[in-house]
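This report refers to the structure that appears directly beneath it.
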Amino acid sequence: MGAGVVKKQGGGGRGRRRGRVQPMSEINVTPFVDVMLVLLIIFMVAAPLLTVGVPVELPKTAAGALPADQEEPLTVTITAEGAVQIQSTQVERAALVTRLRAIAAERTSDRVFLRADGKVPYSAVMEIMGALNAGGFSNIGLVTDIGGPALDGDVASGN
């Protein structure tokens with residue numbers, strides 16, 4: 009595939025004896041680079057499709073995005089019906105703190121993202137935030153959609 013043959017220069021032109029054939033010692037890396045570039049493009053396109061979430065209607069704010077971690081972020085979601093989910097697994101509220109403590113013991117980061125539907129009462133969101141804190145997560149990020157009203161009355165741009 010990447011190897012070829014190189015002929016060694018022979019002696020005179022009269023004899024029937026030709027030069028010896030030796031294998032080429034260089035490796036052609038062009039096909040390897042081509043394959044790697046194709047795989048890079050495939051992963052760049054497929055990576056955004058791998059994020060699985062629970063459909064909730066997030067409130068809109070003018071706040072910017074938080075910087076990303078190396079570890080996959082832990083996401084706790086409160087649906088419009090009040091159900092609590094860790095990643096995509098539904099958890100009873102009574103077992104939430106013990107479940108969070110077990111997860112916190114295995115993780116290196118104490119960051120957690122809280123997604124709450126806009127129809128969920130403020131008190132329910134604060135209860136879950138208290139459970140997150142009791143479960144060992146002190147770095148809580150509230151997830152919202154961009155483009156909501158800012159405090160100065162302007163609507164934030166979607167940038």
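In this note's numbering, the protein residues as written are 9 to 167.
No residue lacks a Cβ here, since even glycine has one placed at the ideal position from N, Cα and C.
- Item | Reduced DSSP secondary structure (H/G/I, E/B, other) of Pro81 | coil
- Task: In the DSSP assignment, find the unbroken beta strand (DSSP E) run with Leu150 in it and report its ends.
- Result: 147–151
- Message: Quick test of the definition: if touching needs 3 or more C-beta pairs under 8 Å, does the segment 89–96 touch the segment 51–58?
- Response: no
- Arg109 in three-state terms, based on DSSP: helix
- Message: Going by the DSSP bridge assignment, what does Thr97 pair with across the sheet?
- Response: Ile94
- Query: Taking the beta strand (DSSP E) that Ala124 falls in, what are its first and last residues?
  - Reply: 119–124
- Query: With burial defined as no fewer than 16 other Cβ atoms inside 10 Å of the residue's Cβ, what is the status of Phe51: buried or exposed?
  - Reply: exposed
- Task: Determine the DSSP secondary structure at Ile35, reduced to helix, strand or coil.
- Result: coil
- Task: Please decide whether Ser96 counts as near chain D, where near means a Cβ-Cβ distance under 8 Å.
- Result: Looking at the structure shown, chain D is missing, and only one protein chain is on hand.
- Query: How about Arg119 and Asn141: are their beta carbons less than 8 Å apart?
  - Reply: no
- Query: Considering only the beta carbon of each residue, do Leu122 and Leu104 sit closer than 8 Å?
  - Reply: no
- Reducing DSSP to helix, strand and coil, say where Arg28 ends up. coil
- Task: Can you grab the Cα-Cα spacing for the pair Glu100 / Pro81, in whole Å?
- Result: 21 Å
- Message: Looking at Pro67: is its Cβ nearer than 8 Å to the Cβ of Gly126?
- Response: yes
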